[in-house]
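Residue numbers (this note's numbering): 3 to 290. Heads up, the beta-carbon is just placed ideally off N, CA and C, and yes, glycines get one too. Bear in mind that the values here come from a model prediction, so they are computed numbers and not experimental data. Heads up: the structure comes next, in structure tokens.
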């Protein structure tokens with residue numbers, strides 16, 4: 003069934019290249035979802051058609067952070083009650099959000115058949131997308147690994163806490179040694195200044211350079227900014243509410259930089275390839 007779905011997907015949208023970015027971090031509380039949403043909104047403000055996939059399938063919060071009303075989610079798509087287009091909600095500047103469920107254990111343990119259903123849902127997507135940003139769950143579960151290794155670019159968000167660094171290292175180690183991923187883009191979040199961000203990156207680079215065969219790239223240093231908390235309380239984005247604040251400027255620069263990252267040639271530049279990779283890795287354990 004999975005092979006049939008993959009075959010049909012390869013025939014679709016062959017002219018549409020799409021950038022797929024997974025935002026992850028290992029540890030919870032590092033600001034991953036904030037980075038995801040504000041990057042997506044910044045890209046949309048620059049004219050890109052952006053979709054955010056809330057891949058925290060058991061504890062969704064993307065829609066909550068923006069104060070959006072969600073009536074249906076990915077669980078309804080997988081049950082066949084509706085299409086993916088029908089669950090998409092529109093956020094600021096036209097970004098599309100594919101909401102997950104909250105408090106549903108079964109969504110974190112999808113079967114191969116349900117994964118094939120996820121492929122089918124994306125194959126039928128009619129909404130046009132330039133960039134798909136995947137907000138993964140915290141930790142190093144199979145689902146986090148699957149979403150991360152299926153993406154073209156992996157952004158690992160870290161902050162200046164020992165547990166953040168150790169969990170980020172653990173995530174990078176598993177993706178590298180067990181799944182053949184070699185390149186990671188690092189976002190140093192909630193740092194006091196650029197210097198601290200570079201020091202944080204240096205700490206992570208030293209340990210990965212000593213034990214792993216990976217290439218890390220520091221793509222952003224986002225300062226600690228009280229305006230982020232203010233924006234969260236207002237259920238809005240900092241790039242909209244406080245566009246001139248230090249964190250908003252840093253994230254806007256990250257979005258501009260990310261839009262210049264090259265998109266692989268066929269088949270890796272297609273949305274259906276991302277979902278095909280996600281499912282084939284999960285179902286067969288193949289490596290990239």
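Taking all protein chains shown into account, do 16 or more other C-beta atoms lie within 10 angstroms of the C-beta of residue i, making it buried, or fewer, making it exposed?
{"i": "residue 153", "result": "buried"}
{"i": "residue 6", "result": "Below a pLDDT of 50, predicted positions are generally treated as unreliable, and residue 6, at 47, falls in that range; the measurement from the model is reported next regardless. So residue 6 ends up on the exposed side."}
{"i": "residue 149", "result": "buried"}
{"i": "residue 266", "result": "exposed"}
{"i": "residue 208", "result": "exposed"}
{"i": "residue 225", "result": "buried"}
{"i": "residue 213", "result": "exposed"}
{"i": "residue 58", "result": "buried"}
{"i": "residue 21", "result": "buried"}
{"i": "residue 223", "result": "buried"}
{"i": "residue 236", "result": "exposed"}
{"i": "residue 196", "result": "exposed"}
{"i": "residue 239", "result": "buried"}
In terms of residue numbering, what span does the alpha helix (DSSP H) encompassing residue i cover?
{"i": "residue 66", "result": "64–67"}
{"i": "residue 238", "result": "Unbroken run through residue 238: none, as it is neither H nor E."}
{"i": "residue 56", "result": "From DSSP, residue 56 is part of no alpha helix (DSSP H) but of the beta strand (DSSP E) over 52–57."}
{"i": "residue 248", "result": "248–261"}
{"i": "residue 224", "result": "Counting along the chain, residue 224 falls outside any alpha helix (DSSP H), though it belongs to the beta strand (DSSP E) covering 217–225."}
{"i": "residue 40", "result": "34–47"}
{"i": "residue 144", "result": "144–152"}
Looking only at its own chain, which residues have a Cβ that is under 6 Å from the Cβ of residue i, when we skip the five neighbours before and after it?
{"i": "residue 161", "result": "32, 191, 192"}
{"i": "residue 123", "result": "79, 86"}
{"i": "residue 203", "result": "188, 190, 220"}
{"i": "residue 248", "result": "225, 227"}
{"i": "residue 169", "result": "28, 29"}
Between which residues of its own chain and residue i is the CB-CB distance below 7 Å, once the five residues before and five after are set aside?
{"i": "residue 64", "result": "35, 39, 54, 56, 99, 101, 137"}
{"i": "residue 126", "result": "85, 86"}
{"i": "residue 72", "result": "65, 91, 101"}
{"i": "residue 234", "result": "67"}
{"i": "residue 264", "result": "none"}
{"i": "residue 186", "result": "156, 158, 174, 216, 218"}
{"i": "residue 246", "result": "none"}
{"i": "residue 165", "result": "29"}
Assuming residue i and residue j make a contact with CB atoms under 8 Å, what is their CB distance in whole Å?
{"i": "residue 140", "j": "residue 30", "result": "3 Å"}
{"i": "residue 41", "j": "residue 135", "result": "6 Å"}
{"i": "residue 133", "j": "residue 183", "result": "About 20 Å separates the two Cβ atoms, so there is no contact after all."}
{"i": "residue 254", "j": "residue 77", "result": "The pair is not a contact, with the Cβ atoms about 34 Å apart (cut-off 8 Å)."}
{"i": "residue 177", "j": "residue 147", "result": "6 Å"}
What's the C-alpha gap between residue i and residue j?
{"i": "residue 200", "j": "residue 144", "result": "30 Å"}
{"i": "residue 216", "j": "residue 210", "result": "7 Å"}
{"i": "residue 243", "j": "residue 228", "result": "12 Å"}
{"i": "residue 50", "j": "residue 81", "result": "31 Å"}
{"i": "residue 258", "j": "residue 179", "result": "31 Å"}
{"i": "residue 37", "j": "residue 66", "result": "15 Å"}
{"i": "residue 96", "j": "residue 175", "result": "36 Å"}
{"i": "residue 19", "j": "residue 25", "result": "20 Å"}
{"i": "residue 156", "j": "residue 131", "result": "19 Å"}
{"i": "residue 48", "j": "residue 256", "result": "12 Å"}
{"i": "residue 69", "j": "residue 231", "result": "15 Å"}
{"i": "residue 287", "j": "residue 151", "result": "Confidence is the limiting factor: at residue 287 the pLDDT is only 48, short of 50, which leaves the residue's position unreliable, though a coordinate-based value still follows. Cα-Cα distance, rounded: 11 Å."}
{"i": "residue 46", "j": "residue 241", "result": "11 Å"}
{"i": "residue 88", "j": "residue 261", "result": "27 Å"}
{"i": "residue 94", "j": "residue 250", "result": "15 Å"}
Residue i lies in the beta strand (DSSP E); which residues open and close that run?
{"i": "residue 97", "result": "It is not in any beta strand (DSSP E) - residue 97 carries neither H nor E in the DSSP assignment."}
{"i": "residue 89", "result": "From DSSP, residue 89 is part of no beta strand (DSSP E) but of the alpha helix (DSSP H) over 86–89."}
{"i": "residue 191", "result": "185–193"}
{"i": "residue 134", "result": "133–138"}
{"i": "residue 169", "result": "No beta strand (DSSP E) holds residue 169; the alpha helix (DSSP H) holding it covers 164–181."}
{"i": "residue 159", "result": "155–160"}
{"i": "residue 72", "result": "Looking at the DSSP string, residue 72 is not in any beta strand (DSSP E), and its letter there is neither H nor E."}
{"i": "residue 21", "result": "21–26"}
For residue i, I'd like the list of residues in its chain whose CB is within less than 8 Å of its CB, leaving aside the five on either flank, ordered along the chain.
{"i": "residue 205", "result": "167"}
{"i": "residue 252", "result": "222, 223, 224, 225"}
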